[in-house]
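Okay, structure first, notes after.
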Amino acid sequence: MSRLLVLPFAAPLLTAALLLAVPRRRTAHRLAGLAVTAAVLVLAVALLVVTRDGTVPVERIGGWHPLVAIGFAADAFSALMVTVCAVVVLACLATTAASGDDHDPLFVPLVLVLSAGAYGAFLTADLFNLFVLVEVMLVPSYALAALGGGATRLGAARVYVAMNLLASTILLAGVGLVYGVTGTVQFGDLAAAARTSPTVAVAAGVVLLALAVKSAVVPWHDWLPRTYPEAPPVVLALFSGLLTKVGLYALIRVYAVVYDGDPAYHGVIAAAALLSMVVGVFGALGEATMRRVLTFHMVSQIGYVLLGLALFTAASLAAAVFYLVQYILVKTALFLCAAAVHAGHRTDRLDRLSGLSTAQPVLALAFAGAALSLAGLPPFSGFVAKFLLIRAVGDAGQWVAVTVAVGVSLLTLASMLKIWGGAFWGEPPAPDEVAATRVPARTVLPALTLAVVSLLLGPVAQPLLGLADTAAAGLLDPDAYLRAVSGR
Amino acid sequence: MSAAVAVGVLVAAAVHLLLQRGQLRVILGFVLLGHAVNVLLLSAGGLDRRAPAFDGAGAEVADPLPQAFALTAIVISFGITLYLLGLLSADGPTGGGEKETGDGPSATAGGEGETGGGPSATERGAGGGER
Numbered sequence: 279m280s281r282l283l284v285l286p287f288a289a290p291l292l293t294a295a296l297l298l299a300v301p302r303r304r305t306a307h308r309l310a311g312l313a314v315t316a317a318v319l320v321l322a323v324a325l326l327v328v329t330r331d332g333t334v335p336v337e338r339i340g341g342w343h344p345l346v347a348i349g350f351a352a353d354a355f356s357a358l359m360v361t362v363c364a365v366v367v368l369a370c371l372a373t374t375a376a377s378g379d380d381h382d383p384l385f386v387p388l389v390l391v392l393s394a395g396a397y398g399a400f401l402t403a404d405l406f407n408l409f410v411l412v413e414v415m416l417v418p419s420y421a422l423a424a425l426g427g428g429a430t431r432l433g434a435a436r437v438y439v440a441m442n443l444l445a446s447t448i449l450l451a452g453v454g455l456v457y458g459v460t461g462t463v464q465f466g467d468l469a470a471a472a473r474t475s476p477t478v479a480v481a482a483g484v485v486l487l488a489l490a491v492k493s494a495v496v497p498w499h500d501w502l503p504r505t506y507p508e509a510p511p512v513v514l515a516l517f518s519g520l521l522t523k524v525g526l527y528a529l530i531r532v533y534a535v536v537y538d539g540d541p542a543y544h545g546v547i548a549a550a551a552l553l554s555m556v557v558g559v560f561g562a563l564g565e566a567t568m569r570r571v572l573t574f575h576m577v578s579q580i581g582y583v584l585l586g587l588a589l590f591t592a593a594s595l596a597a598a599v600f601y602l603v604q605y606i607l608v609k610t611a612l613f614l615c616a617a618a619v620h621a622g623h624r625t626d627r628l629d630r631l632s633g634l635s636t637a638q639p640v641l642a643l644a645f646a647g648a649a650l651s652l653a654g655l656p657p658f659s660g661f662v663a664k665f666l667l668i669r670a671v672g673d674a675g676q677w678v679a680v681t682v683a684v685g686v687s688l689l690t691l692a693s694m695l696k697i698w699g700g701a702f703w704g705e706p707p708a709p710d711e712v713a714a715t716r717v718p719a720r721t722v723l724p725a726l727t728l729a730v731v732s733l734l735l736g737p738v739a740q741p742l743l744g745l746a747d748t749a750a751a752g753l754l755d756p757d758a759y760l761r762a763v764s765g766r
Numbered sequence: 090m091s092a093a094v095a096v097g098v099l100v101a102a103a104v105h106l107l108l109q110r111g112q113l114r115v116i117l118g119f120v121l122l123g124h125a126v127n128v129l130l131l132s133a134g135g136l137d138r139r140a141p142a143f144d145g146a147g148a149e150v151a152d153p154l155p156q157a158f159a160l161t162a163i164v165i166s167f168g169i170t171l172y173l174l175g176l177l178s179a180d181g182p183t184g185g186g187e188k189e190t191g192d193g194p195s196a197t198a199g200g201e202g203e204t205g206g207g208p209s210a211t212e213r214g215a216g217g218g219e220r
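So the sequences go chain by chain: A and B. Note that the first sequence covers residues 279 to 766 in the working numbering. Note that the second sequence covers residues 90 to 220 in the working numbering.
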């Protein structure tokens, strides 16, 4: 099994290289993209089964010494993230295949390289490889963000590239500093290093800072709502599912391994988490297009996951993992709906849209399901996630955080209602007013599927809860992971 | 000490350029910032603050790992710099005032930018392999 750990990274990369050789075969591009992503999904589910009981498969490429080998390792947390991201990539590729948005010969290869970087970042067990794999993921995203051109999009792409390049440079500097003081960048040897040595804590703090910028944590969130909404709509769905989530995963992993959940920093993380939640949701309320509202919400939801990390108890970490998984699915569904609206109406401004619920019932159904889940209403998975998180926070006696979490949930519902009231409610506009084309139902099907999965994860939460518990146990007590990674 | 001074000067110059208005200056600022981090990576190979990474390496043996890091980082930042230059040319000279709008030129130049990203993707794989 451990030999196969390289495949989620290698297979999409090789497929992308082969597809570049046949740029005109659109059907081949679609089929190969879907097939290799489906294969990664199958592999990831197999990994979930293996890691379910806390086993940690490790593979060192070429069998080098653990210190210098390029190592991949999977625990339940990594396997869960790879699974969810494969689902997201599959949904996005299926949507573009159905809508024909993949006409650019570079689209599918770029998406595959991006996804390969994301899977690799989830599976790597080494700080420097984390940097490399994050770059593998980001470089195609730079090209995807500018796909199609146009002055506004290119302007936003420049800001996006500049911001991420700055964050990557800081990340690299942090990795260099960590190596300079410890002589290793491998997670196994860095275990709890920041807890014993303040110098390491400062060096690893630079890494955490860079990862916080990449995950758009307040006060470094500003680039996200400025750049994401200008990206091509389906690409935006992909970005929302993968990019900031890799940053968040790495943030959780580095804090759990290198700092060993040091309580001295819980206050700082909690403050950033609460600020993100509040700033994100108020920003969302003030925006006027579907994609801008949803993008600002990402900041708010990132805060929820960080709140789980800030407490660093078994219950709160399990809640954070559960939250992260269901939120990636829900958010991608919402962005795919926004992309479908944009494809049909050439705009997603709420004041230009109305009556979509009668004109496009399938789209309305998908959006409503995902939006209710995001707001945390039962019986959707969003409710289970928020309930777990708020219960964990309440058990820790943090009543301020409980109040903020519940209040932000209500405001989330309010902003979802704003989209619903603006775009879906009301009379459909007269046909001569707007040159709207009906989006075929098959392009909405992937979004609907994700919404249904989110609905199912509510009442049938037990399997995912079990996995989230295992993942949290692995983060709280990373001994098994660290022993496997360091090969001792 | 000399490495620290070099990093400081490079970062100061980079920040100065990054805060300028023109896109080209920003790109040059990122190039300098990349150099600063590469110097930092190389100086992380010094053995005066910690034990050698490999058994049997004396004080006169340089640590090879940071050099591999710097090599990989150079390849990555080179690829991204090319892409940034592609984005710059997609929009024409800023403030030149003579041309543009219309998706025609931007779309083709965007294509150039992507091919700049394409090869670097494979190079990055190779760079990671060397490490």
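Glycine included, each C-beta is placed from N, C-alpha and C at the ideal position.
#1: Alpha carbon to alpha carbon, how far is methionine 415/A from alanine 646/A? Give it in angstroms, no decimals.
#2: Do alanine 324/A and arginine 338/A have their C-beta atoms closer together than 8 Å?
#3: Using only CA atoms, which one of Leu595/A, Phe702/A, Asp379/A lies nearest to threonine 636/A?
#4: Which residues in the same chain as valine 300/A place their Cβ atom closer than 7 Å to its Cβ, once the five residues preceding and following it in sequence are excluded?
#5: Alpha carbon to alpha carbon, what distance is there between alanine 317/A and leucine 291/A?
#6: What residues are listed by DSSP as bridge partners for valine 336/A?
#7: Starting from serine 764/A and walking both ways along the alpha helix (DSSP H), at which residues does that stretch end?
#8: To the nearest angstrom, how far is the alpha carbon of alanine 597/A from that of alanine 674/A?
#9: Is glycine 704/A near the ligand SAH, in the sense that its beta carbon is under 7 Å from a heavy atom of that ligand?
#10: For aspartate 779/A, write down the residues that DSSP places opposite it in a beta bridge.
#11: Check arginine 627/A in the structure and name its three-state DSSP category.
#12: Flag this pair as touching only if the stretch 472-491 of chain A and the stretch 504-515 of chain A have three or more C-beta atom pairs under 8 Å; answer yes or no.
#13: Find out if the Cβ-Cβ distance for the pair alanine 670/A, glycine 752/A is shorter than 8 Å.
#14: List, in chain order, every chain A residue whose beta-carbon is nearer than 9 Å to that of leucine 176/B.
#15: Measure from the C-beta of glycine 123/B to each C-beta in chain A and report whether the shortest distance is under 8 Å.
#16: Can you tell me whether DSSP reads threonine 715/A as helix, strand or coil?
#17: In the stretch 457-488 of chain A, which residues sit with their C-beta less than 9 Å from some C-beta in chain B, listed in chain order?
#18: Smallest Cα separation from valine 684/A: which of Ala750/A, Leu641/A, Gln579/A?
#19: For phenylalanine 406/A, would you say it is in contact with chain B, using Cβ-to-Cβ distances shorter than 8 Å as the test?
#20: In whole angstroms, give me the CA-to-CA distance for valine 366/A and glycine 700/A.
#21: In three-state terms, what does DSSP make of threonine 170/B?
#22: What residues in the stretch 525-546 of chain A bring their beta carbon closer than 9 Å to a beta carbon of chain B?
#23: Skipping 5 residues on each side, what residues in its chain have a beta carbon closer than 7 Å to that of proline 286/A?
#24: Give the interface partners of threonine 447/A over in chain B, defined as CB-CB distance under 7 Å, in chain order.
#25: Am I right that phenylalanine 818/A and valine 680/A are in contact with their C-beta atoms under 8 Å? What's the rounded C-beta distance?
#26: Spell out whether any CB of chain A is found under 8 Å from the CB atom of isoleucine 169/B.
#27: Taking valine 599/A as the query, report the chain B residues whose CB atoms sit under 7 Å from its CB, ordered along the chain.
#28: Return the residue from the list Thr170/B, Val126/B, Leu173/B, Leu177/B that minimises the CA-CA distance to alanine 159/B.
#29: If you drop the 5 nearest sequence neighbours on each side, which residues of the same chain put their C-beta closer than 7 Å to that of valine 459/A?
#30: Expressed to the nearest angstrom, what Euclidean distance is found between the alpha-carbon atoms of leucine 552/A and valine 738/A?
#31: Measure the alpha-carbon distance for leucine 572/A versus proline 503/A and round it to whole angstroms.
#32: Exposed or buried, which one is serine 195/B when buried takes at least 16 other CB atoms within 10 Å?
#33: Look up threonine 567/A in the DSSP assignment and give the residues it is bridged to.
#34: Assuming contact is defined by CB atoms lying nearer than 8 Å, are valine 100/B and leucine 122/B in contact in what I supplied?
#35: Buried or exposed: leucine 108/B, going by 16 or more other Cβ atoms within 10 Å of its Cβ?
#36: Applying the criterion that 16 or more other CB atoms from any shown protein chain within 10 Å of the CB defines a buried residue, is arginine 213/B buried or exposed?
Judging by the given coordinates:
#1: In a straight line, the C-alpha of alanine 646/A is about 31 Å away from that of methionine 415/A.
#2: No. Outside cutoff.
#3: Of the candidates Leu595/A, Phe702/A, Asp379/A, Phe702/A places its Cα closest to the Cα of threonine 636/A.
#4: The beta carbon of valine 300/A sits closer than 7 Å to the beta carbons of Ala306 from its chain, once the five residues preceding and following it are set aside; these are given in chain order.
#5: Straight through space, the alpha carbons of alanine 317/A and leucine 291/A are spaced by roughly 13 Å.
#6: In the DSSP output, where bridge partners are listed per residue, valine 336/A has Ala351/A.
#7: Taken as a continuous stretch (DSSP letters only), the alpha helix (DSSP H) holding serine 764/A covers 757-764.
#8: Using only the alpha carbons, I get a separation of about 13 Å.
#9: With respect to the ligand SAH, the structure offers nothing, as it holds no ligand at all.
#10: Within the shown structure, residues of chain A are numbered from 279 to 766, placing residue 779/A beyond reach of any answer.
#11: In the three-state reduction of the DSSP assignment, arginine 627/A falls in the strand class, which pools E and B.
#12: No: the two stretches stay apart, fewer than three of their Cβ pairs being nearer than 8 Å.
#13: Cβ atoms of alanine 670/A and glycine 752/A: not closer than 8 Å.
#14: Those within 9 Å of leucine 176/B in chain A are Tyr420, Ala424, Leu432, Ala435, Arg436, Val439.
#15: Taking Cβ atoms only, chain A reaches closer than 8 Å to glycine 123/B, which makes this a yes.
#16: Reduced to three states, the DSSP call for threonine 715/A is coil.
#17: Shown in chain order are the members of the stretch 457-488 of chain A whose Cβ falls below 9 Å from a Cβ of chain B: Tyr457, Gly458, Val459, Thr460, Gly461, Thr462, Val463, Thr477.
#18: Closest option to valine 684/A, Cα to Cα, is Gln579/A.
#19: Phenylalanine 406/A counts as touching chain B.
#20: Their Cα atoms are separated by approximately 27 Å.
#21: In the three-state DSSP reduction, threonine 170/B falls in the helix class (H, G or I).
#22: Residues of the stretch 525-546 of chain A with a C-beta atom less than 9 Å from some C-beta of chain B do not occur.
#23: Result list for proline 286/A: Val318, Leu321, Ala322, Val360, Tyr397, Leu401, in chain order.
#24: Chain B residues near threonine 447/A: Leu122, Gly123, Val126.
#25: The requested residue 818/A does not occur in the structure, where chain A is confined to residues 279 to 766.
#26: For isoleucine 169/B, the answer is yes, since a Cβ of chain A falls inside 8 Å of its Cβ.
#27: Identification of chain B residues near valine 599/A by a Cβ-Cβ cut-off of 7 Å yields none; the smallest Cβ-Cβ distance measures about 28 Å.
#28: Shortest Cα-Cα distance from alanine 159/B to any of Thr170/B, Val126/B, Leu173/B, Leu177/B involves Val126/B.
#29: Same-chain partners within the cutoff: Thr477, Val478, Ala481.
#30: Just so you know, the alpha carbons of leucine 552/A and valine 738/A end up roughly 29 Å apart.
#31: Taking the straight line joining both Cα atoms gives about 9 Å.
#32: With a pLDDT of 37 at serine 195/B, under the threshold of 50, the modelled position of this residue cannot be trusted, and the question is left open.
#33: DSSP, once it has assigned bridges, lists Arg627/A as partnering threonine 567/A.
#34: Against a cut-off of 8 Å, the Cβ pair of leucine 122/B and valine 100/B comes out as a contact.
#35: Classification for leucine 108/B: exposed.
#36: Confidence at arginine 213/B is low in this model, with a pLDDT of 38, below 50, so its placement is unreliable and the value that follows should be read with caution. Counting Cβ neighbours within 10 Å, arginine 213/B comes out buried, since at least 16 surround it.
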